[in-house]
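Residue numbers (the working numbering): 260 to 646.
Accompanying notes for the structure given below.
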Ligand code: ADP
């Protein structure tokens, strides 16, 4: 646990970068510092590993004042990842990753074995080991940066805009990779970004800072989205925070309808039996239950079926209500298709059904019930990521 107590930083030119900031950063979770450029995020992060010393206040690591601890040992207990990875250009990938273990006196072989293990962990092909940083893409360099920071298995990982310089698709992949690694390793991660979407996607808790290094709100992402503390936070979150907040509600409570679902070998009579005035289509599946497309019953004759494409599907109970709503909005019929883990159809839901589930989830949350429970997923990894 890192405890930031009433910490301020005033630079020699008089700039107050951080102003009486207090934050508790728990173990085994990702705490994100987010806010506009110049609000003191980097200064705060660098005070944690003492690259910058506070002007006032104190920072404790597991109850011990950082000031009392030797700087070198402290830095080695904290991995540090920066934008553009900051790799040593004249060292190979494997030697970059092995840097801290070698400094700690590990044998060359042990350090290299550790580097190989970490390359696998961050999803780097072993064939990259002998390359130099300039021979890697931006995303691969960031992976090396993360592997290097993890090399000596530090309990704390400090990350300063680590994914800001890569394109959005690669960035999404790196975020998912970080959540997966965190699920396995459970570090105390402090992550700085200016991108609120990134903060919400990866943070267990998010600290929103305003210019002058003052804390505007410190809360889990779903709480930020549903109850921003003031207009500054609401503006920073953006206009569609209601829709984005649906990522935190599970589809478990969605009332799926299996009546309009028929297999492709159904007879005209069986199809007719499935049709209701409120569902002018049937969803046709193959014999294994995988969706093939939507059919208008009037156009259904044996051997002659015209199908509309099924559109996207959501995994019932695992994907969020945001995904289900998106499926319903994009569906050619306005009905979303819920499938199980294997991709077989469980049932369908109209836009109205999704809207009913959204209202119920909001009501349950407002009563303190958690809004239909968290979206399923492994510990630390947020399911529905990127959806
Ligand atoms: P962020 O990471 O949120 O962009 P920083 O922590 O880098 O913000 O900077 C916070 C404020 O402190 C900014 O106004 C910045 O210009 C100022 N600042 C940063 N480093 C120094 C420095 N060494 N000397 C003077 N002012 C600085």
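Where is the CB? At the ideal position from N, CA and C, for every residue including glycine.
Since the model is a prediction, treat every value here as computed from it, not as a measurement.
Item, Value
"With H, G and I counted as helix, E and B as strand and the rest as coil, what does DSSP make of residue 424?", "coil"
"Opposite residue 341 in the DSSP bridges: which residues?", "419"
"What residue does the beta strand (DSSP E) around residue 278 start on, and which one ends it?", "275-284"
"Could you pull the DSSP bridge partners for residue 550 from this structure?", "544"
"Figure out for me which residue from 297, 420, 347 and 600 has the closest Cα to the Cα of residue 577.", "600"
"Near residue 640, what residues of its chain come up, given a Cβ to Cβ distance below 8 Å and the 5 sequence neighbours on each side ignored?", "The pLDDT assigned to residue 640 is 35, lower than 50, so where the model puts this residue is not dependable, and the model offers no usable value."
"What beta strand (DSSP E) runs, 3 residues minimum, are completely inside the segment 423-483?", "447-452, 464-469 and 473-478"
"For the beta strand (DSSP E) containing residue 292, name the first residue and the last one.", "288-293"
"Can you pull the DSSP bridge partners for residue 315?", "267"
"State the beta-bridge partners of residue 608 as determined by DSSP.", "595"
"Put residue 522 into one of helix, strand or coil per three-state DSSP.", "strand"
"Shorter than 6 Å, the distance from the beta carbon of residue 274 to the closest heavy atom of the ligand MG, or not?", "Because the ligand MG does not appear in the structure shown, any question about it cannot be addressed here, the ligands present being the ligand ADP."
"Check whether the Cβ atoms of residue 462 and residue 408 sit closer than 7 Å, and answer yes or no.", "no"
"Which runs of the alpha helix (DSSP H), 4 residues or longer, sit entirely within the segment 333-390?", "352-356, 358-362 and 367-380"
"Given a threshold of 16 other Cβ atoms within 10 Å of its Cβ, counted over all protein chains shown, does residue 351 qualify as buried or as exposed?", "buried"
"Taking the alpha-carbon positions, what's the residue 397 to residue 341 distance?", "12 Å"
"If you reduce the DSSP assignment to three classes, tell me which class residue 585 lands in.", "helix"
"Measuring CB to CB, does residue 293 end up less than 7 Å from residue 415?", "no"
"Does the segment 418-425 come close enough to the segment 345-360 to have 3 or more Cβ pairs within less than 8 Å?", "no"
"With DSSP collapsed to three states, give me the class of residue 631.", "Caution applies to residue 631, whose pLDDT of 45 falls short of 50 and renders its modelled position unreliable; the value that the coordinates give is listed next. Reduced to three states, the DSSP call for residue 631 is coil."
"For the putative contact between residue 484 and residue 500, defined by C-beta atoms under 8 Å, what is the C-beta separation to the nearest angstrom?", "5 Å"
"State the CB to CB distance for the pair residue 507 and residue 579, rounded to an integer number of angstroms; the pair is presumed to be in contact (CB under 8 Å).", "7 Å"
"Closer than 8 Å is the cut-off here; do at least three beta carbon pairs connect the segment 619-629 with the segment 549-557?", "no"
"Buried or exposed for residue 540, please, with buried defined as at least 16 other CB atoms from any protein chain shown within 10 angstroms of its CB.", "buried"
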